[in-house]
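Since the structure comes first, as structure tokens, the remarks are kept for the end.
In full-length UniProt numbering, the protein residues as written are 1 to 632.
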């Protein structure tokens with residue numbers, strides 16, 4: 001029995017009240033509180049004790065989250081026959097969110113108690129984080145009663161905080177133990193080279209560390225589990241009855257995708273344990289625990305732990321062994337995959353990819369393969385004409401260079417490049433004054449020689465007459481030569497055509513030497529196309545092949561052409577080696593002019609598109625292979 005004294009001040013008066021409260025089995029609740037090892041057990045002892053400490057209490061409750069981030073749930077309340085009201089649950093939720101004491105109901109607008117039941121809640125804070133709430137329902141008479149109850153509630157919340165801290169420390173200890181155990185098992189596996197030795201080392205380490213009679217490790221193959229390692233056993237017969245029974249127990253756990261503990265202490269476990277029971281009864285095993293190995297998105301095997309009947313697996317040990325199996329699974333699976341034969345790895349990878357293709361999911365991979373198949377079909381059936389591209393220049397079919405017949409000076413140049421001329425039209429006239437004077441001198445000399453010849457004839461001087469006759473012939477020859485030179489001072493067009501180069505209109509009076517090119521004339525409408533074909537494709541070009549020409553001046557039109565001649569002489573320029581190829585247009589094109597440039601494409605043959613696009617790369621690879629590897 002306890003006596004609670006409450007003192008409150010109201011209107012300057014002091015009032016003291018004492019009322020005995022009887023708490024059933026109070027001593028037992030204190031013992032339970034001191035011995036409790038979980039937050040729930042502490043709460044179940046704390047609620048009645050707190051109820052007994054407050055005279056006007058109608059009920060107490062403890063609220064804890066239902067899992068990480070879950071909703072608050074009342075884990076303990078007192079009296080047991082009375083459920084906490086919704087106002088108390090709301091106050092606890094608000095206290096959890098606001099991290100402060102909360103009062104709900106039973107107060108007027110001035111904050112004075114009305115005598116009705118008030119719900120108050122205080123948060124339980126652990127290391128700066130609100131981890132729960134404690135609540136109280138009672139009918140305060142004054143604000144002092146309300147403040148005293150809140151202080152008592154906050155004082156009592158320390159018990160729950162300590163319980164939560166102990167539980168947190170125990171959980172951290174369990175996690176540390178799990179990490180250490182898993183680390184030792186992983187180290188035992190990593191230190192071995194092959195899977196058989198690694199699995200045996202892991203099984204032996206686990207059997208020693210967890211005091212098991214036997215630990216077995218198995219891997220799935222072709223839908224069944226095969227035992228590959230047994231603790232403390234270097235060799236064992238795979239056809240032994242005990243080995244087959246262990247494999248059957250592993251299959252039972254893997255097929256159900258969960259851990260199996262036999263005999264199971266929890267009545268709500270939905271797992272079938274027939275093979276575990278038969279294995280235990282046949283081999284005299286007291287307790288069997290099997291944990292599947294899950295790695296790379298599938299179950300790859302299992303680990304079976306055996307203990308005698310006098311040493312069962314505790315709940316903490318089950319969680320620890322399950323965690324160890326989870327950590328050990330990918331390490332063992334990686335070791336097993338690396339220990340296979342190369343042909344086995346290739347087959348497994350092929351089957352795995354095939355399964356992803358024909359099985360569900362993996363839409364991205366399937367879409368990629370469909371795209372690859374479509375592209376492959378396109379490149380196999382799509383064909384086009386292989387064409388050789390080359391820079392081209394339009395030239396006249398016949399080009400006549402008009403050159404100076406002798407040394408002289410330009411007297412007249414009525415035409416220049418681009419002008420159309422007719423046969424016999426004056427192109428250039430050279431200065432002829434000196435020739436005319438020379439002719440006049442020779443003509444005068446001829447006249448004098450003739451007079452002397454007549455005198456010699458009249459005097460019947462035959463010798464003198466013969467000399468004069470030869471001099472007359474010489475003068476006549478000189479005059480005839482000068483007349484020819486005078487004719488050649490007028491340079492005429494050899495045929496109808498167009499002047500393609502040369503402009504002497506700015507060189508009147510300029511000196512020219514014999515043989516100097518003055519103008520170039522080409523027949524109008526008759527052209528040939530000069531192509532510069534890259535050395536890498538010259539072997540594909542031959543006379544008679546057809547193609548098309550597009551010139552820069554007329555980019556919207558193409559002109560058909562045919563190859564006439566391949567010149568076996570290389571030309572170097574612009575960092576490339578080219579060969580000269582001559583072609584001619586198949587139809588006259590009046591819009592073309594000599595000197596226009598563009599691009600011509602020669603049709604070689606019809607080929608697959610993929611071959612056309614990759615031909616430069618293939619040729620480069622062939623040269624590289626020949627240069628560095630000596631391969632043809």
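Every residue, glycine too, gets a C-beta built ideally from N, C-alpha and C.
No experiment lies behind these values; they were computed from the predicted model shown.
Give the DSSP-derived three-state secondary structure of residue i in the structure shown.
i	result
residue 48	helix
residue 156	helix
residue 94	helix
residue 543	coil
residue 139	coil
residue 614	helix
residue 417	coil
residue 77	strand
residue 18	Caution is warranted here: a pLDDT of 38 is assigned to residue 18, below 50, making its placement in the model unreliable, and no coordinate value can be reported.
residue 354	helix
residue 86	helix
residue 100	coil
residue 4	Confidence at residue 4 is low in this model, with a pLDDT of 30, below 50, so the placement of that residue should be treated as unreliable; the coordinate-derived value is given next. In this structure, residue 4 counts as strand in the three-state DSSP scheme.
residue 386	strand
residue 392	strand
residue 39	helix
residue 400	strand
residue 114	coil
residue 510	coil
residue 107	strand
residue 72	strand
residue 164	helix
residue 62	strand
residue 346	helix
residue 186	helix
residue 648	A query on residue 648 cannot be resolved here, the shown segment of the chain reaching from 1 to 632 and no further.
residue 23	Unreliable positioning characterises residue 23 in this predicted model, as indicated by a pLDDT of 49, which lies under 50. The coordinate reading is nonetheless provided below. Coil at residue 23, not helix or strand.
Once you ignore the five residues that flank residue i on each side, which residues in its own chain have a CB closer than 6 Å to its CB?
i	result
residue 50	60 and 156
residue 607	386
residue 194	339
residue 276	249, 260, 262 and 288
Tell me where the alpha helix (DSSP H) around residue i begins and ends.
i	result
residue 376	363-381
residue 435	433-458
residue 463	462-488
Quick test of your reading: residue i and residue j, contact by CB under 8 Å. State the CB separation rounded to the nearest angstrom.
i	j	result
residue 549	residue 600	5 Å
residue 207	residue 231	4 Å
residue 529	residue 392	5 Å
residue 491	residue 402	6 Å
residue 47	residue 91	At roughly 16 Å, the Cβ-Cβ gap does not stay under 8 Å, so residue 47 and residue 91 are not in contact.
residue 302	residue 240	Not confirmed; about 18 Å, so no contact.
residue 293	residue 320	Incorrect: roughly 16 Å between the Cβ atoms, too far for contact.
residue 149	residue 88	That pair is no contact at about 13 Å.
residue 409	residue 511	6 Å
Start and end of the beta strand (DSSP E) containing residue i?
i	result
residue 529	527-534
residue 411	408-412
residue 555	Residue 555 -> no beta strand (DSSP E), and no H or E assigned at all.
residue 569	559-573
residue 497	497-501
residue 522	517-522
residue 430	426-430
residue 605	597-608
residue 583	576-585
Can you list, in chain order, the residues of its chain whose CB lies under 7 Å from that of residue i, leaving out five sequence neighbours each side?
i	result
residue 554	591
residue 66	73
residue 598	392, 549, 550, 551 and 552
residue 586	560, 561 and 562
residue 420	498 and 524
residue 622	none
residue 389	599 and 601
residue 445	475
Return the chain-ordered list of same chain residues with a C-beta closer than 8 Å to the C-beta of residue i, the five sequence neighbours on each side being excluded.
i	result
residue 719	Since the first and last residues shown for the chain are 1 and 632, residue 719 lies out of range.
residue 84	59, 61, 74, 77, 135 and 137
residue 542	563 and 566
Problem - Ordered list of alpha helix (DSSP H) runs contained in the UniProt domain "GAF" (194-342), each at least 4 residues - result: 195-209, 241-255, 274-283 and 315-338
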